[in-house]
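See below for the structure under consideration.
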Amino acid sequence: MNDRFIINGGQIQSGEIQVQGAKNFALKALAATLLTDQSCQIDKLPEIYDVRVLLDLLKKLGKKISYHKQNCVIDQEKSDLVKIDKDLAHKVRASVVFAGPILAKYGQVILPHPGGDVIGRRPIDFFTKGFEKMGAQAKSEQGDFVIQAPAGLKAAEIFFPKISVTATEALALAAVLAKGTTILKNCSIEPEVTQLLNHLVKMGAQIQGIGTSTLSIKGVSKLKGVKFTMMPDRLEAGTFIMMALMNKINLKVKNCQPEHLEAVLEYLTRAGAKFKIGSNSVEVLRLKKPLQATGIQTHEYPGFATDLQPIYTLLMTQAQGLAMIHEPIFEGRLFFTDALNRMGADIIMCDPHRVLVAGPSQLRPKNIESPDIRAGMTLLLAAILAQGQSVIENAQIIDRGYEKIEQRLQAIGVDIHRVN
Ligand code: EPU
Numbered sequence: 254m255n256d257r258f259i260i261n262g263g264q265i266q267s268g269e270i271q272v273q274g275a276k277n278f279a280l281k282a283l284a285a286t287l288l289t290d291q292s293c294q295i296d297k298l299p300e301i302y303d304v305r306v307l308l309d310l311l312k313k314l315g316k317k318i319s320y321h322k323q324n325c326v327i328d329q330e331k332s333d334l335v336k337i338d339k340d341l342a343h344k345v346r347a348s349v350v351f352a353g354p355i356l357a358k359y360g361q362v363i364l365p366h367p368g369g370d371v372i373g374r375r376p377i378d379f380f381t382k383g384f385e386k387m388g389a390q391a392k393s394e395q396g397d398f399v400i401q402a403p404a405g406l407k408a409a410e411i412f413f414p415k416i417s418v419t420a421t422e423a424l425a426l427a428a429v430l431a432k433g434t435t436i437l438k439n440c441s442i443e444p445e446v447t448q449l450l451n452h453l454v455k456m457g458a459q460i461q462g463i464g465t466s467t468l469s470i471k472g473v474s475k476l477k478g479v480k481f482t483m484m485p486d487r488l489e490a491g492t493f494i495m496m497a498l499m500n501k502i503n504l505k506v507k508n509c510q511p512e513h514l515e516a517v518l519e520y521l522t523r524a525g526a527k528f529k530i531g532s533n534s535v536e537v538l539r540l541k542k543p544l545q546a547t548g549i550q551t552h553e554y555p556g557f558a559t560d561l562q563p564i565y566t567l568l569m570t571q572a573q574g575l576a577m578i579h580e581p582i583f584e585g586r587l588f589f590t591d592a593l594n595r596m597g598a599d600i601i602m603c604d605p606h607r608v609l610v611a612g613p614s615q616l617r618p619k620n621i622e623s624p625d626i627r628a629g630m631t632l633l634l635a636a637i638l639a640q641g642q643s644v645i646e647n648a649q650i651i652d653r654g655y656e657k658i659e660q661r662l663q664a665i666g667v668d669i670h671r672v673n
């Protein structure tokens, strides 16, 4: 069944909007529950599609789940289940992170190739090579990776050729129960990774170097259950901040951590935006004159997040001048600009990693398909800018990362509804 959003553009008011829990931490916190037989309780777990898929995966791996109004309790029901469900794994990239805990705990995992957004090549060689260094053997069987370490995982020194969020997380999730001290180098320091590592420490893991690119992880024999509240989603916060700027409204973005938004706030300030920063909020002040086009290059944290690039690209269609957008991390993350051009934007693709945006452009309504979470949200925001009725097909893709987005936008006057 396919949902679609119907949007009558040109309508949005100043006000407030609340940020939900961070998707890219939530998914890994769910994987971490596989490391313990004890009960785990997660509060403010966002009710998004990817979370539902991983909860179903956990059930198939022997967990008992109770999930009501963003409060989730996860208990162990059966043990020794090592096969990650193929259909569910194909739906989300984060399923790959489950491999670490299962392999560390039971000495074996059957991992189907993970799914997720089509934003470029998304190999898993860092994972398989990392597990091999820790003493496991990986082979391919009927489209699955069968990874075995009958004598248990042992410590290793692993250097990631590129900074990778999920590879850092998967190897850390394995090393916490391995024999000896594992050293991981060139690790991701995204806030969601740091939060996961701190979370593992609360479960009893021994980790040095959290927040730096080198981690030293001394394996322990057991981890315990935890109770915690989800951190806010910096990508959702960044989305709403830029939505306010492109629509020239005043918007208080509540329940966010401004310290996680430094790069985006720095670039937006250079372009002419003004903010009132609180301890857990960012108020976007109504723009008095148009933004000046300002180029960006996406970068691993603390640089400009690749996940916010599509929304920034749309914002630049409303700024004055030429902005070069450089996306070195994924080679498929700029193709959505073709849809923006069909809506009236003036964007030239230089190569798969770079586009040149000329602004300002008056956008026109269109019927358009949502390609991935962030590009889908970008097209939804473009539809709010365009006077007239647009239809965004494949609304579920946006639901993967943004909880009940239409209800939160309706609260600030956007004319949007869902049809299925
Ligand atoms: N890479 C490899 N080999 C690997 C793993 C990664 O070559 O084994 C490369 C990728 O091809 C890419 C680079 O490393 O060029 C970085 O990719 P990374 O592994 O960091 O991406 P990811 O872990 O698959 C996570 C988020 C993405 C986010 C990226 C970058 C999750 C579930 N996904 O993906 O989030 O864009 O990090 O920050 O955490 C989203 O939320 O919309 C989203 C796509």
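So that you can map any letter, position 227 of the sequence shown is 480 in the working numbering, and since no number is skipped, the others follow by simple counting. Here a beta-carbon is modelled for each residue, glycine too, at the ideal position from N, C-alpha and C.
Asked, Found
"Exposure of H513, with buried meaning 16 or more beta-carbon neighbours within 10 Å", "buried"
"Proximity below 8 Å, CB of A285 to CB of P354", "yes"
"Identity of the residue in I416, E269, P543 nearest V446 by Cα", "I416"
"Where the beta strand (DSSP E) containing N647 begins and where it ends", "No beta strand (DSSP E) contains N647, which DSSP labels as neither H nor E."
"Closest Cα partner of L561 within the set L540, N508, F493, A342", "F493"
"Assigned exposure category for C603 - 16 Cβ within 10 Å defines buried", "exposed"
"C-beta atoms of A404 and G472 nearer than 8 Å", "no"
"Beta carbon of P365 nearer than 8 Å to that of K339", "yes"
"Contact under 8 Å by Cβ, D333 with Y359", "yes"
"Near the ligand EPU: D560 beta-carbon under 7 Å from a heavy atom", "yes"
"Contacts around L662, its chain only, beta-carbon distance under 7 Å, and the 5 residues preceding and following it disregarded", "I669"
"Cβ neighbours of K432 in the same chain (closer than 8 Å, five flanking residues each side left out)", "G405, L406, K407, A408, G472"
"Inside the stretch 423-456 only - beta strand (DSSP E) runs reaching at least 3 residues", "434-438"
"Outcome for F589 when other beta-carbon atoms lying within 10 angstroms are tallied against a minimum of 16", "buried"
"Residue from E519, L476, T482, S441 with nearest C-alpha to I463", "S441"
"Beta bridge counterpart(s) of Q390 as assigned by DSSP", "Q401"
"Cβ-heavy atom distance, F589 to the ligand EPU, below 7 Å", "no"
"Q390, buried or exposed, once every other Cβ within 10 Å from all chains shown has been counted against 16", "exposed"
"Cβ-based burial, S643 [other Cβ within 10 Å; buried from 16]", "buried"
"I626, enclosing alpha helix (DSSP H) - first and last residue", "626-638"
"N- and C-terminal bounds of the beta strand (DSSP E) containing P365", "361-365"
"Short Cβ contact (8 Å threshold) for V667 with Q294", "no"
"S217 CB to nearest heavy atom of the ligand EPU below 7 Å", "In the structure as shown, the chain begins at 254 and stops at 673. Residue 217 is therefore absent and cannot be evaluated."
"Buried or exposed by the 16-neighbour rule on C-beta atoms within 10 Å, applied to D486", "buried"
"CB-CB length for G597 against L616, believed under 8 Å", "5 Å"
"Boundaries of the alpha helix (DSSP H) in which F493 is found, first to last residue", "487-500"
"Whether V335 touches V306 by CB criterion (8 Å)", "no"
"Given 8 Å, three or more beta-carbon pairs between the stretch 622-641 and the stretch 498-508", "yes"
"C-alpha distance - P299 paired with Q461, whole-angstrom precision", "29 Å"
"Host beta strand (DSSP E) of N620 (start-end)", "620-622"
"Beta-bridge pairing of E536 - partner residues as DSSP gives them", "K505, K529"
"Classification of D378 by the beta-carbon crowding that lies within 10 angstroms, buried from 16 upward", "exposed"
"Between the CA atoms of K382 and G274 - distance to the nearest angstrom", "32 Å"
"Check: R607 C-beta below 7 Å from any heavy atom of the ligand EPU", "no"
"Within 8 Å, strictly: CB atoms of V608 and T566", "yes"
"Run of the alpha helix (DSSP H) containing K480, from where it starts to where it stops", "Segment 480-482 is the beta strand (DSSP E) holding K480; no alpha helix (DSSP H) there."
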